[in-house]
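Engineer: Quick one: the structure is below, questions incoming.
In the working numbering, the protein residues as written are 257 to 766.
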């Protein structure tokens, strides 16, 4: 029990380090440039406390439960060496964890032209199908960038047939659906599968699953846009609550907390049910290990509840208000540098970023450090926020940024060590999590409303931008590593570049 307490303190300390910078930045803005109502500011500060505790619980829970469940499931399924079982299981895993993603509910509410359940199940099916593609890529050692070229070519061709107001929402879906519930499980699932392979670069191929699973939702939503042909999008109008005393402040959180208790319970239930069935009929883990996983699930549950309550009740209204007020000043261009500073620090508050950084450092034996990953991600998100605010102020189409951005990202894949390409495309989905959806998107919406822009074309798309720029900055980090070591890369990266013909022999018979 003491070990658990030490771990929890360590995780909360990490989350405090992550959340404090963005909290300080917002406070400085509130006391210097933007006069935020006292009630909203106090709500923001309470939300920050919720974020710190919630992220600490969540990351510990993911480490104790989500990661072991994913690894055991991936390892067991692959050991069957039955291709049909691997394909069916991969689809079910992708489908179930995507339906469990809380941010998907937010996306569904933004697309009234498509029924919520139709969109949710279509996106989940897209993730399931692309998880199959990702697993088969691992098993047969197919280079990731080949698949990315084909799939992103399909994405941009489909985008020509979708209404303009619907386009940004479709690209946002790729980032939103790879959130705090999906990323730890899918990444661990890949690690479990790669553990069965005997070749030297098997572990490095465990990266890239999130990258491909981010493409599935985009294609699914683009196809829905073609089928339903929505003439315009919509969004939920965010109203900043008027809080005059402590009782009203408590009521705001009291209304949100039970809602997220229910939402997260619904989200986690398919994963818990799947684990229970797997444990009874297949895994049969020891009692002590099973209890540890159950405790981890509880940590995950309460951590995600606190996190979502904090960002939705505390952070979202302040984000929108800041955007409105900053763009209303005489020097509205100040929105761009301020957004870049916010973007640099806010990515550290994404729960799934910690999971990715830890796994990268472990699987590369420290060759790619957590510090290098943090800086590269921060620079990427900072750039994306700057470009997004330029879009808000000018109304430039998102395609002028996405097409050259993805062309550059895929072009870099031919020059950097393969592991960096996989990590980079995984990072895009990881960086665009709940903090982006519940603070940065309202921030952009508030600014867009204040300048009289089109919310659907100018503010939406910020999640897509946040998902794109890390693809470039992480691969530039890969170029740095490559040329820093000359023609002889560090050992863990060297292994990533080797090829051999050892793959799992699969039973192709039913």
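C-beta: ideal position from N, C-alpha, C; glycine also.
Is the region 632-640 in contact with the region 319-339, if contact means three or more CB pairs nearer than 8 Å?
Structural biologist: No, the region 632-640 is not in contact with the region 319-339.
Engineer: The alpha helix (DSSP H) spanning residue 613 covers which residue range?
Structural biologist: Element bounds for residue 613: 607-619.
Engineer: Could you give the distance in angstroms between the alpha-carbon of residue 656 and the alpha-carbon of residue 670?
Structural biologist: The straight-line gap from Cα to Cα measures roughly 23 Å.
Engineer: Which first and last residues belong to the alpha helix (DSSP H) in which residue 310 is found?
Structural biologist: That run of the alpha helix (DSSP H) goes 294-317.
Engineer: For residue 744, name the three-state secondary structure that DSSP assigns.
Structural biologist: Caution applies to residue 744, whose pLDDT of 46 falls short of 50 and renders its modelled position unreliable; the model cannot decide the point.
Engineer: Using CA atoms only, rank isn't needed, just tell me which of 653, 291, 315 is closest to residue 609.
Structural biologist: Taking only the C-alpha atoms, the option nearest residue 609 is 315.
Engineer: Out of 674, 740, 267, which one is the CA nearest neighbour of residue 397?
Structural biologist: When each option's Cα is compared against that of residue 397, the closest is 674.
Engineer: Within the continuous alpha helix (DSSP H) that includes residue 705, where are the two ends?
Structural biologist: Segment 697-707, the alpha helix (DSSP H) holding residue 705.
Engineer: What do you reckon, are the CB atoms on residue 722 and residue 637 nearer than 8 Å?
Structural biologist: Cβ distance < 8 Å, so residue 722 and residue 637 count as in contact.
Engineer: What whole-angstrom Cβ distance do residue 309 and residue 562 have, given they're in contact under 8 Å?
Structural biologist: Yes, residue 309 and residue 562 are in contact; Cβ-Cβ is about 5 Å, under 8 Å.
Engineer: Starting from residue 437 and walking both ways along the alpha helix (DSSP H), at which residues does that stretch end?
Structural biologist: First-last for residue 437: undefined, no H or E at that position.
Engineer: Output the distance between the C-alpha atoms of residue 743 and residue 586, rounded to the nearest integer angstrom.
Structural biologist: With a pLDDT of 46 at residue 743, under the threshold of 50, the modelled position of that residue is not reliable, and the figure given next carries that caveat. Approximately 53 Å, taken between the alpha carbons.
Engineer: So residue 507 is in the alpha helix (DSSP H); what residue range does that whole segment cover?
Structural biologist: Residues 502-534.
Engineer: What separation, rounded to the nearest whole angstrom, lies between the Cα atoms of residue 515 and residue 465?
Structural biologist: Their backbone Cα atoms lie some 31 Å apart in a straight line.
Engineer: Could you tell me if residue 507 is buried or exposed, where buried requires 16 or more neighbouring beta carbons within 10 angstroms of its beta carbon?
Structural biologist: Exposed, since its Cβ has fewer than 16 Cβ neighbours within 10 Å.
Engineer: From residue 745 to residue 732, what distance separates their C-alpha atoms?
Structural biologist: Only weak support is given to the placement of residue 745: the predicted model assigns it a pLDDT of 42, under 50, and the value that follows is read from those uncertain coordinates. Answer to the nearest angstrom: the Cα atoms are 15 Å apart.
Engineer: Would you mind sorting residue 621 into buried or exposed? The rule is 16 or more other CB atoms within 10 Å of its CB.
Structural biologist: With fewer than 16 Cβ atoms within 10 Å of its Cβ, residue 621 is classed as exposed.
Engineer: Check each candidate in 436, 475, 447 and name the one with the smallest Cα separation from residue 429.
Structural biologist: Among 436, 475, 447, the Cα nearest to that of residue 429 is on 475.
Engineer: Among residues of its own chain, excluding the 5 on either side of residue 272, which ones have a beta-carbon nearer than 6 Å to its beta-carbon?
Structural biologist: Cβ neighbours of residue 272 beyond the five flanking positions: 308.
Engineer: With H, G and I counted as helix, E and B as strand and the rest as coil, what does DSSP make of residue 581?
Structural biologist: Reduced to three states, the DSSP call for residue 581 is helix.
Engineer: Do residue 727 and residue 680 come within 8 Å of each other at the CB atom, strictly closer than that value?
Structural biologist: Yes; because the gap between Cβ atoms is below 8 Å, this pair is in contact.
Engineer: Helix or strand or just coil, what does DSSP make of residue 670?
Structural biologist: Reduced to three states, the DSSP call for residue 670 is coil.
Engineer: Let's test the definition: count the other Cβ atoms within 10 Å of the Cβ of residue 817 and tell me whether it reaches 16, buried, or not, exposed.
Structural biologist: Nothing can be reported for residue 817: it is not among the residues displayed for the chain, which extend from 257 to 766.
Engineer: Smallest Cα separation from residue 479: which of 410, 498, 326, 438?
Structural biologist: For the residues 410, 498, 326, 438, the minimum Cα distance to residue 479 belongs to 410.
Engineer: Mapping the DSSP letters down to three states, classify residue 541 as helix, strand or coil.
Structural biologist: Residue state, collapsed to three classes: coil.
Engineer: Nearest CA to the CA of residue 281: which residue from 266, 526, 265, 304?
Structural biologist: Nearest C-alpha to residue 281: 304.
Engineer: Apart from the five residues on each side of it in sequence, which residues of its chain come closer than 8 Å, Cβ to Cβ, to residue 698?
Structural biologist: If we look at residue 698 and ignore the five residues flanking it on each side, its Cβ neighbours are 494, 572, 573, 575, 576, 579.
Engineer: When you compare the CB positions of residue 473 and residue 433, do they come within less than 8 Å of one another, or not?
Structural biologist: Contact: yes.
Engineer: By the DSSP assignment, the alpha helix (DSSP H) with residue 421 in it spans what residues?
Structural biologist: Start and end: 420-432.
Engineer: Span of the alpha helix (DSSP H) holding residue 652?
Structural biologist: Here residue 652 belongs to no alpha helix (DSSP H), and DSSP marks it neither H nor E.
Engineer: Across the region 389-404 and the region 686-700, are there enough close Cβ pairs to call them in contact, namely three or more that are closer than 8 Å?
Structural biologist: Result no; under three Cβ-Cβ pairs closer than 8 Å.
Engineer: Whose C-beta lies closer than 7 Å to the C-beta of residue 292 among residues of the same chain, with five residues either side of it excluded?
Structural biologist: Closer than 7 Å at the Cβ level, and outside the excluded window around residue 292, lie 286, 574, 577.
Engineer: Taking the beta carbon of residue 686 as the centre, do at least 16 other beta carbons fall within 10 Å, making it buried, or is it exposed?
Structural biologist: Flag for residue 686 reads buried.
Engineer: Please classify residue 568: is it buried, with 16 or more other beta-carbons within 10 angstroms of its beta-carbon, or exposed?
Structural biologist: Label assigned to residue 568: buried.
Engineer: According to DSSP, simplified to helix, strand and coil, what is residue 357?
Structural biologist: If DSSP states are grouped into helix, strand and coil, residue 357 belongs with coil.
Engineer: Take residue 444 as the anchor and find which of 418, 318, 347, 653 has the nearest alpha-carbon.
Structural biologist: Nearest C-alpha to residue 444: 318.
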